[in-house]
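Peer 1:
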DNA sequence: CGTTTGACTACGC
DNA sequence: CGCGTAGCCAAAC
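In the working numbering, the protein residues as written are 1 to 153.
#1: Across the region 1-21 and the region 106-114, are there enough close Cβ pairs to call them in contact, namely three or more that are closer than 8 angstroms?
#2: Can you tell me whether residue 92 is buried or exposed, with buried defined as 16 or more other CB within 10 angstroms of its CB?
#3: Considering only their Cβ atoms, is the gap separating residue 139 from residue 38 smaller than 8 angstroms?
#4: Could you check if residue 136 is buried or exposed, using at least 16 other CB atoms within 10 Å of its CB as the buried criterion?
#5: Counting beta carbon pairs with one atom in the region 40-51 and one in the region 93-106, are three or more of them shorter than 8 angstroms?
#6: Can you tell me whether DSSP reads residue 59 as helix, strand or coil?
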């Protein structure tokens, strides 16, 4: 069954998530996991537990956006690790998200976003540091290991 | 006030 | 590549 605890201060956690989402520029996308990777574990939460919980807390934060109806947050650029929309397919919100992503030319024929191509690289280091956030995990594939081929020399 | 219900992800088949 | 599973709390109804 799907069941999980909440952060010590849900509202505070959500605020941080929203602040980062506001930085995502047009034409690229971020994921729940990537956002979570930038936010340190709240005091009192074991790192091990946090790793599992954080992505869903980010999901809760995005979910809350619809309740608060905050137009300054480009929530449509937040998708799941598979490059897909995580809202119920028939929902109105999902339709809006599809339309907005399509408008930014990010959707492929399978209604998916190619993270390797359009995955966000995160805010610049100075911004992260100013907000006490960690460097994001990359959404793009690691450079292919060419099996020890020599290059330049 | 008791139940229901989660914008997730890594991992194993 | 797609599908199922664990995770075990709290806000919203």
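Where is the CB? At the ideal position from N, CA and C, for every residue including glycine. Bear in mind the structure is a predicted one, so any value in this text is a computation, not a measurement.
Peer 2: According to the data block:
#1: With the cut-off at 8 angstroms, the region 1-21 and the region 106-114 do not touch.
#2: On the first chain, residue 92 is found 92 positions in, with the first residue counted as 1. Residue 92 is exposed by the Cβ-count criterion.
#3: For this step, residue 38 is matched to residue 38 along the first chain. For this step, residue 139 is matched to residue 139 along the first chain. Contact check for residue 38 against residue 139 fails: the beta carbons are separated by 8 angstroms or more.
#4: In the first chain, the residue the question calls residue 136 occupies position 136. Buried, since its Cβ has 16 or more Cβ neighbours within 10 Å.
#5: The region 93-106, when compared against the region 40-51, does not touch it at the 8 angstroms Cβ threshold.
#6: If you number the first chain from 1, residue 59 lands on position 59. Helix.
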